[in-house]
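Structure first, commentary second.
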Amino acid sequence: MAQLFIQQADETQLLTDLADGQAYLIGRDENCTICIPEDSISSRHAELTQTAKGWEIKDLGSANGTAVNGKATKQALLSNGDKIQVGTQVALIFASGPAAPAAAAPAAAPQQDAAKKQKQNLKVQGASEDDIRLVKEMAKRSQKIRNEIAKVIIGQVEIIDQVMMVIIAGGHGLLVGMPGMAKTTLCATIAKVLDMDFKRVQFTPDLMPTDITGTEILEHDPVTDKKSFRFVRGPIFTNMLLADEINRTPPKTQASLLEAMQEKCVTAGNQTYKLDAPFFVLATQNPIEQEGTYPLPEAQQDRFMFNLWVDYPKEDEEETVVKATTVAQAETPQKVITKDELLQLQAVVRKIPVSDHVIKYAVRLVRATRPQNETSPDFIKKYVHNGAGPRAGQFLILAAKARAVLEGRIHVGCSDVVKAATPVLRHRILANFAADSEGISTTALVERLIKTIGQPDDKDY
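All the letters of the sequence shown, read from the start, carry residue numbers 20 to 480 under our numbering.
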């Protein structure tokens with residue numbers, strides 16, 4: 020029987036016996052067959068399967084990759100004694116014969132202790148058993164959400180996950196993409212799957228703030244012959260508001276969303292009206308037509324947690340889109356999560372503890388975007404006029420927590436921060452003329468920054 024060992028410090032420990040014909044999922048998620056709670060390992064990192072040729076390791080699109088005997092690989096056939104590197108910190112040894120390394124106590128105990136400690140930490144933050152149970156179910160529910168959305172939206176899996184992160188974290192999203200990319204349909208479908216009221220407002224140059232927030236009308240009572248004002252609520256009184264083509268309306272109307280986005284309420288006259296929870300604003304923006312438009316000011320863009328770029332679909336996806344949308348609609352997406360469960364998930368996100376290591380890494384990323392910071396990389400000082408503010412760090416941690424919850428985890432790692440870094444930071448960095456003249460986008464700057472800024476180590480503490 021083949022075996023898998025793990026190298027920890029100066030000792031090698033037996034991880035598991037590999038049963039013939041069984042597949043083993045390696046990852047950080049508790050639902051994985053082989054759970055290794057290490058930040059550099061993805062939730063679903065790699066898969067170990069037995070084929071006619073022998074045992075094979077296959078990388079599942081992990082963030083930090085998989086290597087066999089020091090060589091990065093997507094799929095490789097294993098031999099006795101091969102060393103498998105998963106993530107950046109964990110080394111596994113595959114043994115298929117009598118030359119297996121001497122095994123100490125099984126490594127499952129430290130994993131169980133880590134999971135138990137994480138669960139205790141969550142309790143300290145005030146989470147109930149129902150909260151923990153709901154989080155653990157989210158890995159399966161997230162996949163079910165994707166499946167339901169896939170009945171209408173073909174592809175765009177990463178955008179769907181990012182919109183879900185925004186919603187779970189209680190933020191707002193700005194979707195930027197070419198016309199006909201199903202941005203409106205995506206938002207409406209997500210609202211249906213998450214059991215939320217949905218309203219869409221087409222922003223135009225003549226749209227007034229009262230067209231969004233509502234207005235007071237004068238009414239005459241024929242019985243008493245008295246006149247009084249009555250407030251008629253606008254489309255902003257919903258759970259998910261789609262502000263379609265937000266850059267086509269003047270700043271006065273754009274600003275009418277600010278109070279609702281930040282304070283979750285609307286003021287009309289001398290009266291303030293509370294919006295029902297949950298409340299989200301998803302705004303779309305066309306990146307090509309700028310004539311006759313009103314670009315969002317940088318300060319207002321900062322109110323949006325994520326800047327999501329909806330790109331062209333892949334060729335096979337586009338073929339499926341054309342085929343599926345030129346016939347009668349066959350399937351309707353079903354509700355997966357109730358409104359109360361969504362509110363519960365938002366509350367859990369705030370309760371999940373985050374280690375100082377992860378917070379230090381998020382803050383380091385944000386501070387590195389500022390050219391006046393002495394420790395910022397040279398390319399930031401060369402191409403950036405203004406960097407991100409403290410709100411970026413807050414959103415990085417909230418988004419990392421939301422990603423963990425969507426994957427059914429109650430622990431947050433630096434890899435979660437990396438996944439959130441691009442949509443959080445690219446609209447908070449103001450590139451200078453040098454970057455514009457060389458065609459360097461803020462997205463490229465953030466991606467380069469992620470590769471440049473390392474995680475904190477011993478010297479940082």
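Yeah, the Cβ is synthetic: ideal placement off N, Cα and C, and Gly gets one too.
How is residue i classed by DSSP in three states: helix, strand or coil?
i    : result
Y43  : strand
T31  : strand
N4   : Past the boundaries of the shown model lies residue 4; the chain is included only from 20 to 480, so the question cannot be answered.
Q130 : Any answer about Q130 is weak, because its pLDDT of 41 lies below 50 and its placement is not dependable; what the coordinates show is given next. Three-state result, Q130: helix.
A407 : coil
V340 : helix
K90  : strand
K142 : Confidence is the limiting factor: at K142 the pLDDT is only 44, short of 50, which leaves the residue's position unreliable, though a coordinate-based value still follows. In the structure shown, K142 sits in a helix (DSSP, three-state: H, G or I).
I103 : strand
L294 : coil
P125 : The pLDDT assigned to P125 is 40, lower than 50, so where the model puts this residue is not dependable; a value taken from the coordinates is nonetheless given after this. Three-state DSSP puts P125 in coil, outside helix and strand.
T462 : helix
E57  : coil
D10  : Nothing can be reported for residue 10: it is not among the residues displayed for the chain, which extend from 20 to 480.
Whose C-beta lies closer than 6 Å to the C-beta of residue i among residues of the same chain, with five residues either side of it excluded?
i    : result
T272 : L226 and P228
P125 : Here the model assigns P125 a pLDDT of 40, short of 50, so the residue's position is not dependable, and the following value carries that caveat. Within the same chain, P125 has close Cβ partners L33.
T461 : R445, I448 and A450
I399 : P390
K170 : E350 and P352
P332 : G174
A95  : I76 and V87
A127 : Only weak support is given to the placement of A127: the predicted model assigns it a pLDDT of 40, under 50, and the value that follows is read from those uncertain coordinates. Excluding sequence neighbours, A127 sits near nothing in its chain.
K135 : The pLDDT assigned to K135 is 42, lower than 50, so where the model puts this residue is not dependable; a value taken from the coordinates is nonetheless given after this. So no residue of the chain qualifies.
A121 : Residue placement at A121 cannot be trusted, given a pLDDT of 43 that sits under 50; the coordinates are not used to answer.
Might you give, ordered along the chain, the residues of its own chain that have their beta carbon closer than 7 Å to the beta carbon of residue i, omitting 5 neighbours on each side?
i    : result
I504 : Nothing can be reported for residue 504: it is not among the residues displayed for the chain, which extend from 20 to 480.
K142 : For K142, the pLDDT reaches just 44, beneath the cut-off of 50, and the residue's location in the model is therefore unreliable, leaving the point undetermined.
Q26  : A110 and I112
E317 : L449
L361 : L213 and P297
Out of the options, point me to the one whose CA is closest to residue i's CA.
i    : options                   : result
A418 : L444, T70 and T208        : L444
A38  : A21, Q281, L276 and P269  : A21
A407 : F323, K420 and V154       : F323
T35  : E49, M215, I53 and K72    : I53
N305 : P297, P314, F299 and F298 : P314
I164 : F222, K354 and E457       : K354
G189 : D240, R386, V424 and T234 : V424
G73  : H64, G89, A42 and P270    : A42
Near residue i, what residues of its chain come up, given a Cβ to Cβ distance below 8 Å and the 5 sequence neighbours on each side ignored?
i   : result
A71 : none
| request: Could you tell me whether the stretch 372-380 touches the stretch 335-352, using the rule of 3 or more Cβ pairs below 8 Å? | output: The stretch 372-380 makes no contact with the stretch 335-352, as fewer than three CB pairs between them are under 8 Å.
| Secondary structure, alpha helix (DSSP H): runs of 4+ residues fully inside the stretch 220-279 | You should have 229-232 and 270-273.
| task | Mind the definition here: the stretch 146-154 touches the stretch 184-204 only if three or more C-beta pairs lie below 8 Å; say whether that holds. | result | No, the stretch 146-154 is not in contact with the stretch 184-204.
| Any 3 or more C-beta pairs closer than 8 Å across the stretch 76-94 and the stretch 434-447 | Because the criterion of three Cβ pairs below 8 Å is met, the stretch 76-94 and the stretch 434-447 touch.
| Which runs of the beta strand (DSSP E) fall wholly inside the stretch 160-192 and span at least 3 residues, in chain order? | Listed in chain order, there is nothing to give.
| field | Sequence ranges, beta strand (DSSP E) only - wholly within the stretch 319-407, length at least 3 | value | For the stretch 319-407, whole beta strand (DSSP E) runs of length 3 or above, ordered along the chain, are 325-329 and 403-405.
| Is the stretch 159-178 touching the stretch 199-208 in the sense that three or more CB pairs, one from each, lie closer than 8 Å? | As far as the Cβ criterion goes, the stretch 199-208 touches the stretch 159-178, which means the pair count is three or higher.
| Given 8 Å, three or more beta-carbon pairs between the stretch 379-394 and the stretch 152-165 | These segments do not touch.
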